[in-house]
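What follows is a single structure, written as structure tokens, with notes after it.
Number of protein chains: 2
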Amino acid sequence: MAPTLRQRRQEKTSRDIRLAALELCTTKGLDSVTAEAISARAGISLRTFFNYYPNKETAIVARPPGFPEKAIAAFNTGHGSLAEDLTDLLRAHLALLDEDRDIMLLLHELLRDNKVLRAAHEASLKLLHSDLADILAHRMTGQSRAMVDLFAGTVLIATGQLVQSMQDETPLADRAPEAWTKLRDLADLIR
Amino acid sequence: MAPTLRQRRQEKTSRDIRLAALELCTTKGLDSVTAEAISARAGISLRTFFNYYPNKETAIVARPPGFPEKAIAAFNTGHGSLAEDLTDLLRAHLALLDEDRDIMLLLHELLRDNKVLRAAHEASLKLLHSDLADILAHRMTGQSRAMVDLFAGTVLIATGQLVQSMQDETPLADRAPEAWTKLRDLADLIR
DNA sequence: GACATGAATTGCACGCCGTGCAAGAAGTGC
DNA sequence: GCACTTCTTGCACGGCGTGCAATTCATGTC
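Encoded structure:
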């Protein structure tokens, strides 16, 4: 299914807007960047900007890459331990982040400085949370939904801490096992 | 230190605004309630509204009650197990929520329906998170800050699940031990 | 009780946000 | 090339949030 011209144009505009937003923000800070300025730089009208994104923040934060279909399938049918298969799942996710390493680092800066942006980011992490909980539910049939949620949340905090330290040269994907190590340590702490 | 007239008036206006906001929202929904309408109902000018709250959302969500000083001190000097002392700390926190039970239930409704409100709520929970992490750090001197954060986050998720089920008649404070039970179960799950 | 002082309230003006609508431009399928 | 859908754009509008300066009001002092 080759992408039609329309689709390609949309992809491009969407990317153009994001780039324009990021460029402007890194130099002037989000607060003093107006949606109008972003639109102008992206070469579209203000009205079109709001056709693509509901506000400045989401243009910058966007939807984070989730878990690849293939990795989900592998996890569902996986025959390793929960620890092993989950680590593989996280690895696939982190690999996607590695692909956009430069953008991520840039974003990381912006998130540190701007409150509204952090809120938008939190919101998108919430989506990840329920995605992960849904996935985990397949392998944790004996557990209550609340427990699955708690588990998913904890996993995401641990994973988030990895992303926090993205300055390290090592690709995040290679560090996936650290997440589980953290969880083990946490479990030790609780008991 | 008797509160001066000025202070009492401020307290009152602050409460008036919150009440006006809650009342209007429950009948018409946050989206169709303007800051101007809230101000009018609270008997103040629009400009004054923004002197008290930076936006509609925070007027409704406000700052959640944190951990009482006394409980923090008791936790710091506590000689029970971490589990016991932490449960006491959570109990003190949940007791504050019980005091505002009616408002909490109302808020719970609103949070379910409104996205922006949820974001504001998340943000205020973030403050709780770092509060708790700071407190825990005193009793977890052997641990890295990351581990303390992870632990605090997990505790808060578990506690949040309790709050979710506030419809139950039982006061939240009495159910504090359930939080630790959840954590034990989680730890079992991980190992 | 009058008065000086500093803080809170208010109105006004302004720029930005985000949306509904309708006209026009552009791609798609035949 | 011709109908069709879809995307873009301009326009108008209401709401948000802030800076500023005028005014009102609590407070402490004499």
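Chains A and B supply the protein sequences, listed in that same order.
If you read the first sequence in full-length UniProt numbering, its first letter stands for residue 1, the second for the next number, and so on.
If you read the second sequence in full-length UniProt numbering, its first letter stands for residue 1, the second for the next number, and so on.
Every residue gets a Cβ at the ideal spot worked out from N, C-alpha and C, and that includes glycine.
Source: prediction; values computed, not measured.
Presumed contact (8 angstroms Cβ cut-off) between residue i and residue j, rounded CB distance
| i | j | result |
| --- | --- | --- |
| A:A173 | A:R63 | In fact, because the Cβ distance is near 20 angstroms, the residues do not count as touching under 8 angstroms. |
| B:L183 | A:I190 | 5 angstroms |
| B:S39 | B:S45 | 6 angstroms |
| B:F75 | B:R175 | Actually they do not touch by this definition, with Cβ atoms about 19 angstroms apart. |
| B:A20 | B:R41 | 4 angstroms |
| A:H108 | A:M166 | 7 angstroms |
| B:A133 | A:A187 | No, B:A133 and A:A187 are not in contact; Cβ-Cβ is about 19 angstroms, not under 8 angstroms. |
Partners in chain A for residue i, counting only beta-carbon separations shorter than 8 angstroms
| i | result |
| --- | --- |
| B:M166 | Per Cβ cutoff of 8 angstroms: no residues; B:M166 is ~14 angstroms from chain A at best. |
9 angstroms Cβ cut-off: residues of chain A touching residue i
| i | result |
| --- | --- |
| B:E84 | Near B:E84 there are no residues of chain A at all, since even the closest Cβ is about 13 angstroms away, more than 9 angstroms. |
| B:A123 | K115, R118, A119 and E122 |
Extent of the continuous alpha helix (DSSP H) run through residue i
| i | result |
| --- | --- |
| A:L156 | R145 to Q164 |
| A:S32 | Note, A:S32: premise wrong, no alpha helix (DSSP H); not H, not E. |
| B:F67 | No alpha helix (DSSP H) holds B:F67; DSSP gives it neither H nor E. |
| B:L172 | From DSSP, B:L172 is part of no alpha helix (DSSP H); its letter is neither H nor E. |
| B:T141 | Looking at the DSSP string, B:T141 is not in any alpha helix (DSSP H), and its letter there is neither H nor E. |
| A:A62 | Taken as a continuous stretch (DSSP letters only), A:A62 belongs to no alpha helix (DSSP H), as it is neither H nor E. |
| A:T26 | L5 to K28 |
| A:I103 | R101 to D113 |
| B:Y52 | L46 to Y52 |
9 angstroms Cβ cut-off: residues of chain B touching residue i
| i | result |
| --- | --- |
| A:R139 | Within 9 angstroms Cβ-Cβ: nothing; A:R139 doesn't reach chain B, min ~11 angstroms. |
| A:T154 | L150, G153, T154, I157, L186 and I190 |
C-beta atoms of residue i and residue j nearer than 8 angstroms
| i | j | result |
| --- | --- | --- |
| B:P65 | B:L96 | yes |
| B:L89 | B:F67 | yes |
| B:A152 | B:L162 | no |
| residue 192 of chain B | B:L30 | Given that chain B is displayed from residue 1 to residue 191, the structure contains no residue 192 of chain B and the question cannot be resolved. |
| B:P177 | B:D98 | no |
| A:R101 | A:L111 | no |
| B:A35 | B:F49 | yes |
| B:T154 | A:T154 | yes |
8 angstroms Cβ cut-off: residues of chain B touching residue i
| i | result |
| --- | --- |
| A:A146 | Q161 and K182 |
Legend entry - Three-pair Cβ contact test at 8 angstroms for the stretch 142-152 of chain A versus the stretch 158-167 of chain B: Look at the beta carbons and you see the stretch 142-152 of chain A touching the stretch 158-167 of chain B: at least three pairs across the two are nearer than 8 angstroms.
Legend entry - Given 8 angstroms, three or more beta-carbon pairs between the stretch 45-61 of chain A and the stretch 120-132 of chain A: Enough Cβ pairs lie closer than 8 angstroms, so yes.
Inset, instruction - Pair every Cβ in the stretch 77-87 of chain B with every Cβ in the stretch 43-56 of chain B, then say whether three or more of these pairs are closer than 8 angstroms. - result: The answer is no - the stretch 43-56 of chain B does not touch the stretch 77-87 of chain B, with fewer than three Cβ pairs under 8 angstroms.
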